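Protein chains in written order, with this note's numbering: chain W, 2 to 426; chain D, 2 to 426.
Glycine included, C-beta positions come from ideal geometry on N, C-alpha and C.
Just so you know, these numbers come straight off a predicted model, no measurement behind them.
Since the structure comes first, as structure tokens, the remarks are kept for the end.
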């Protein structure tokens, strides 16, 4: 058993004492703000709410959210519906979520030709090319291997692209940064399968191909495949969702989204990159000098304040908790600082433990709002020492409008009415 | 970045080398068993599967599992449908799941009068009784408090009750042990709210009441409420599911399920237990001497092998991974041992990290099946030193058929055909 009051003790370091005293013992205004909305005590039967007066709904085989939460969904947009039906993306509504796990139904989507409806008994994974012995796996064979489960984010290289527009878009945190989601993934370490196939001398890259109509394909350095890559079979406890690659996907923790090839059907060991359409026609970073950086695999250190953010409104003055998520392709988040004065000064947020490698980390900082204007920013640091860049620093080397691998500091302005907007600083 | 081959290195301690050599370099029989089902390489376009030939399905606002997974659902049974509609339970199908997080749609249910359909704007939580100042909270007020997110299991006190029958029931691991599930919960530490209300001298218990038609109510010692209790508002990132208490539930990590009162509407501080119908007419443990133990709050150390288990069939000889989940109300799981010979000898399984307190811990042990009969058992130990008891030890003090708080060692027999059955040992 943990010591008594462990939760309260854990919170204490993040609440400075003067604020905490007011918060707990309560001036009239704090009490009115935070909790007491009425002192009429609805404890007699006459005042029981409607739903206590009749039996509720029956049990169900597979549950769904409350109908009152119908607005919490993935906004989505298609790119070129007539050229490539099913291409586009949908985004995790971070402004409505909490914690670190993304519900599987709200994990972001990025498809290039729709979601294939794969029969798991028919699907096969081929390992071939520069191997001693080509291997062909059915799902039931793969499922018998020793498995690992790990909590990791996946982030599309196009995430936060809306913030590359000339003017800051007035859209939610999810609509900007929602091409990133975190799940507990369970699968087979890829290194086991490659060792079983036998890696031939000269093999240094792997072509990974999906079984969708776009044959989405990426070239992966062999070193990453032998490091922490897995063939993911389960997401948050159950078989992968169709939009996440059912029945199997490549998982390359910390690397840009489309290298985590969904509906994985083929891994071919090669001597060099294959230069597929999906790594030449897009997902490259055009620089000011006209050259494009290719194979920007590892994702940068990043954070976003999810509350308060665009679409929220602070209805009254008083205590709020500023909170958000931070992540990095390099490993663990070690620090998140928050500024409420447009970067003039910074204060450390509490990192909600445990902090997993290459996973969303929830940060929190209690804050008193006194009805004045502010600009809120969060700045993350990771265990490689990397610090989230400002907009100016991030955009400096790139051509105007370059909208991949954007990890610059997000700023939200609060006006005197408590309304939030997206601002560039 | 972790060292290269970190996943493989992590696996090595769990694989003894002779087995690993056979596994990796492959005798013909192992190869045939594990991976190679065909050497015809389907890499030319003619052999592309059907789903690569037409665009896939469009994106969606809220995703659902593949239709091929329709059988993975919660089995449920009602108790007294005419007396109390909506009473009964549904169970997490552990035999089909992996990792540690339970998908919210498959979290077990136990209702006493159905699932209320609560309007979150109307719902109120009252804190009253022996307090300096009664408090009444709407959801939006509670949501502004500093929050914490933690991964915890909830287990019904009636879980594993089917194994109290005179003969071992031939049903799945989920049908026996599925009244236990794990989620990432986010909510307000209850201690914060109690300190704000002001605890009057003499208060030592709390009555917690739900807003369902059964007014499900339990008495809770104040010490637990001041320890790690929270008012949970989010489950796996999104607002609680209706079956889990939307819009708020009491969460008492490690304590029997029905003390985690769903649809929480009232906390009354009292001098003594209230002795509600839900803690007197049931959820007590009848002993052989005719006396019933009451208030068995903390759940015992427990584990269950989920693969292989009843309903699975080992189709051929070769390498399998024995895996399952372990948990304890006392804190962390420190050890899980596996016996394949009906308890004659035991071998340590690998605990898949990170190991959270009061949460499912996934354990794994690679194992070669040679087509002979076995009895598989798992035995968990926790950081309080408690060891999961045998059936004989567990049942000794109780009246025949006592079916609460059952945590004895589950045994699965494998016959020479690879079929699994539930056995008492």
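- A straight line joining the alpha-carbon of residue 85 of chain D with that of residue 57 of chain W spans about 10 Å.
- Bounds of the beta strand (DSSP E) holding residue 383 of chain D are 375-383.
- Setting aside the 5 residues that flank it on each side, residue 267 of chain D is surrounded in the same chain by 127, 210, each with a C-beta closer than 6 Å to its C-beta; the list follows chain order.
- Residues of the stretch 56-75 of chain D with a C-beta atom less than 8 Å from some C-beta of chain W are 56, 57, 58, 59, 60, 61, 62, 63, 64, 65, 66, 67, 68, 69, 70, 73, 74, 75, listed in chain order.
- Here residue 204 of chain D has 130, 131, 132, 223, 270, 271, 272 as same chain residues with Cβ atoms under 8 Å from its own Cβ, once five neighbours each way along the sequence are excluded.
- For residue 412 of chain W, same chain residues with a beta-carbon under 6 Å away, outside a window of 5 residues either side, are 376, 378, 424, 426 in chain order.
- In the DSSP assignment, residue 185 of chain W falls within the beta strand (DSSP E) that extends over 181-190.
- Under the criterion of beta carbons closer than 8 Å, residue 353 of chain W and residue 365 of chain W qualify as touching, at roughly 6 Å.
- With three or more CB-CB distances shorter than 8 Å, the stretch 187-200 of chain W counts as touching the stretch 225-245 of chain W.
- Taken in chain order, the unbroken stretches of alpha helix (DSSP H) that lie wholly in the stretch 253-320 of chain W and span 4 residues or more are 278-281.
- Between residue 140 of chain D and residue 249 of chain D, the CB-CB gap stays under 8 Å.
- Going by C-alpha positions, residue 123 of chain D is about 25 Å away from residue 220 of chain D.
- Every beta strand (DSSP E) stretch that sits fully inside the stretch 321-408 of chain D and reaches 3 residues is listed by chain position as 334-340, 362-370, 375-383.
- Under the DSSP assignment, residue 225 of chain D falls in the alpha helix (DSSP H) whose first and last residues are 223-227.
- Residue 152 of chain D and residue 240 of chain W have their C-alpha atoms some 20 Å from each other.
- DSSP assignment within the stretch 94-162 of chain D yields the following whole alpha helix (DSSP H) runs of 4 residues or more, N-terminal first: 140-143.
- Of all alpha-carbon atoms in W/390, W/265, W/255, W/215, the one lying nearest the alpha-carbon of residue 155 of chain W is that of W/255.
- Listed along the chain, the chain D residues whose CB falls inside 8 Å of the CB of residue 115 of chain W are 56, 57, 58, 59.
- Between residue 104 of chain W and residue 105 of chain D, the C-beta gap is smaller than 8 Å, which places the two residues in contact.
- Taken in chain order, the members of the stretch 202-218 of chain D whose beta-carbon sits within less than 8 Å of a beta-carbon on chain W are 212, 213, 214, 216.
- If you draw a straight line from the Cα of residue 157 of chain D to the Cα of residue 319 of chain D, it comes to about 37 Å.
- The alpha carbon of residue 63 of chain W has as its nearest neighbour, out of D/245, D/332, D/259, D/289, the alpha carbon of D/245.
- Going by DSSP, residue 172 of chain D is part of no beta strand (DSSP E) at all; its letter is neither H nor E.
- When rounded, the separation of the alpha-carbon atoms in residue 67 of chain D and residue 121 of chain W is 10 Å.
- Spanning the alpha carbons of residue 199 of chain D and residue 359 of chain D requires a straight line of approximately 29 Å.
- Legend: CB atoms of the stretch 163-189 of chain W lying less than 7 Å from CB atoms of chain D belong to residues 185, 187.
- Taking the beta carbon of residue 91 of chain W as reference, the chain D residues within 8 Å of it are 60, 61, 62, listed in sequence order.
- By a beta-carbon distance limit of 8 Å, residue 109 of chain W contacts residue 179 of chain W. Their separation comes to about 6 Å.
- When rounded, the separation of the alpha-carbon atoms in residue 298 of chain D and residue 77 of chain D is 25 Å.
- Annotated as proximal: residue 307 of chain W and residue 96 of chain W, with beta-carbon spacing under 8 Å.
- Under the DSSP definition of a beta bridge, residue 89 of chain W partners with W/79, W/112.
- Residues of the stretch 94-113 of chain D whose Cβ lies closer than 8 Å to any Cβ of chain W, in chain order: 97, 98, 99, 100, 101, 102, 103, 104, 105, 106, 107, 108, 110, 112.
- Interface with chain D (8 Å Cβ-Cβ cutoff): residue 257 of chain W is excluded.
- The Cβ-Cβ distance between residue 102 of chain D and residue 212 of chain D does not fall below 8 Å.
- Take the alpha-carbon of residue 89 of chain W and the one of residue 111 of chain W: they are about 6 Å apart.
- Shown here, residue 241 of chain W sits in coil according to DSSP, grouped into three states, outside any helix or strand.
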